[in-house]
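Asks:
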Amino acid sequence: MSKWYIFILICLLSEIAFTQSEKVVIRSINIGDSTLQILQEYGNTEDSILFINVHEDEVTSIETVYEYSTTNPVHFVRLKHKETRRVEFTIRNKAFSVDPNRIYTKKGRRKTLRDGGKFTFKAAKEVRYFAEEILTYLSNRSVIIAMHNNTDVNYSIKSYLPGGDEAQNTKEIFINPDMDPDDFVYTTEKEYFDKLKERNINVILQDNKKYVNDGSLSVYCGLNGIPYINIEAQKGHFEEQMFLIREVMAIL
Ligand SMILES: [Zn+2]
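Letter by letter, the sequence shown follows residues 5 to 256 in my numbering.
(1) Would the C-beta of Glu62 count as close to ligand 1, meaning under 6 Å from any of its heavy atoms?
(2) Measuring from the CB of His152, is there a heavy atom of ligand 1 at a distance below 6 Å?
(3) In the structure shown, what three-state DSSP assignment does Lys199 receive?
(4) DSSP three-state call for Ile179: helix, strand or coil?
(5) Tell me the start and end of each unbroken alpha helix (DSSP H) in the stretch 96-168 that is at least 4 residues and wholly inside, in chain order.
(6) Can the beta-carbon of Gln41 be found less than 7 Å from the beta-carbon of Lys86?
(7) Output needed for Gly47: all residues of its chain with C-beta closer than 8 Å, excluding positions within five of it in sequence on either side, in chain order.
(8) Give the secondary structure of Gln24 by DSSP, where H, G and I count as helix, E and B as strand, and everything else as coil.
(9) With a threshold of 6 Å (Cβ to nearest heavy atom), would His241 be considered close to ligand 1?
(10) In chain order, what residues of the same chain lie with their CB nearer than 6 Å to the CB of Ile20, ignoring the 5 residues before and after it?
(11) Among all the DSSP beta bridges, which residues are the ones paired with Thr39?
(12) Could you check how far apart the C-beta atoms of Met151 and Phe55 are, in whole angstroms? I think they sit under 8 Å.
(13) What do you reckon, is the C-beta of Ile85 under 6 Å from a heavy atom of ligand 1?
(14) Which of the three DSSP states is assigned to Val63 in this structure?
(15) Quick check: is any heavy atom of ligand 1 less than 6 Å from the C-beta of His59?
(16) Is any heavy atom of ligand 3 found at a distance shorter than 6 Å from the C-beta of Ile148?
(17) Can Asn154 and Gln238 be called in contact, C-beta distance under 7 Å?
(18) For Phe80, which residues does DSSP report across the bridge?
(19) On the CB-based measure, 16 or more other CB atoms within 10 Å of its CB, does Gly167 come out buried or exposed?
(20) Need the endpoints of the beta strand (DSSP E) that Ala257 sits in, please.
(21) What are the start and end residues of the alpha helix (DSSP H) that includes Gln245?
(22) Among residues of its own chain, excluding the 5 on either side of Lys214, which ones have a beta-carbon nearer than 7 Å to its beta-carbon?
(23) Excluding five sequence neighbours on each side, which residues of the same chain lie with their C-beta closer than 8 Å to the C-beta of Lys115?
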């Protein structure tokens with residue numbers, strides 16, 4: 005390697021380090037007596053597209069957005085807590101736990117608190133404030149792109165077929181038999197569904213009337229008419245999830 009080559013390389017690397025450190029904004033929010041952090045990776049906070057991750061243990065989905073954002077600036081918001089799916093918090097030394105993708109409706113909050121071991125009205129109120137903090141990032145967006153990974157062998161696009169666990173949420177479904185059934189897109193918008201189907205991508209259209217009110221972000225967006233896309237891939241399917249991001253961005 006020539007000296008000049010090394011010199012240019014060092015300049016480029018320090019430039020990347022500089023830009024990335026500038027991009028990360030950390031904001032703290034409280035839930036009960038506990039504190040969580042919201043990290044914003046941008047890009048452009050005014051961007052009409054919001055990438056969001058709420059399950060911190062779904063690392064592939066986070067890594068793919070970071071990688072994508074190195075060449076395509078995006079506004080990415082994610083929760084930072086204890087690198088677990090569920091968010092744990094305390095109120096006066098009593099422990100509670102919620103799934104941060106089940107807190108956007110009253111019914112969802114009640115169920116996820118119960119699933120976490122304990123429901124109280126005070127806890128539900130705290131979780132509502134927490135959910136509202138996250139939802140502020142959704143305002144003035146043309147589309148929300150939620151990033152998820154699955155590991156459960158029983159959960160895939162096939163769960164959305166008639167007779168499957170998620171069948172009630174399905175308005176339309178398209179399966180490409182050559183794709184892994186764990187890698188798929190879920191959306192609230194017919195237009196996006198049609199375009200992804202045309203591109204031969206595994207895709208589900210949410211039934212915005214009959215869906216199960218589990219308090220997830222897709223339900224909240226369906227209720228409020230906010231265009232929503234979930235890019236779901238098996239944990240570790242980095243290339244596949246990156247491919248799905250590119251396909252989704254191509255139709256927007
Ligand atoms: Zn998830």
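Quick reminder that beta carbons are idealized off the backbone N, C-alpha and C, glycines included.
Here the structure is a predicted model, which is why all the values come from computation and not from measurement.
Replies: Reading off the structure:
(1) yes
(2) yes
(3) helix
(4) coil
(5) 110-119, 125-139
(6) no
(7) Lys27, Ser73, Pro77, Val78, His79, Phe80
(8) For Gln24, the pLDDT reaches just 48, beneath the cut-off of 50, and the residue's location in the model is therefore unreliable, although a value from the coordinates is still provided. DSSP places Gln24 in helix when its eight states are reduced to three.
(9) no
(10) In this prediction, Ile20 has a pLDDT of 47, which is less than 50 and means its spatial position is unreliable; what the coordinates show is noted afterwards. Contacts found: none.
(11) Asn34
(12) 6 Å
(13) First, the residue type needs correcting, since residue 85 is His and not Ile in the sequence shown. No.
(14) helix
(15) yes
(16) Annotation note on ligand 3: not contained in the displayed structure, which lists ligand 1 as its ligands.
(17) yes
(18) Glu45, Phe55
(19) exposed
(20) For the chain, the structure presents residues 5 to 256; residue 257 sits outside this window and is missing.
(21) 242-255
(22) Gln172
(23) Arg106, Asp218, Gly219
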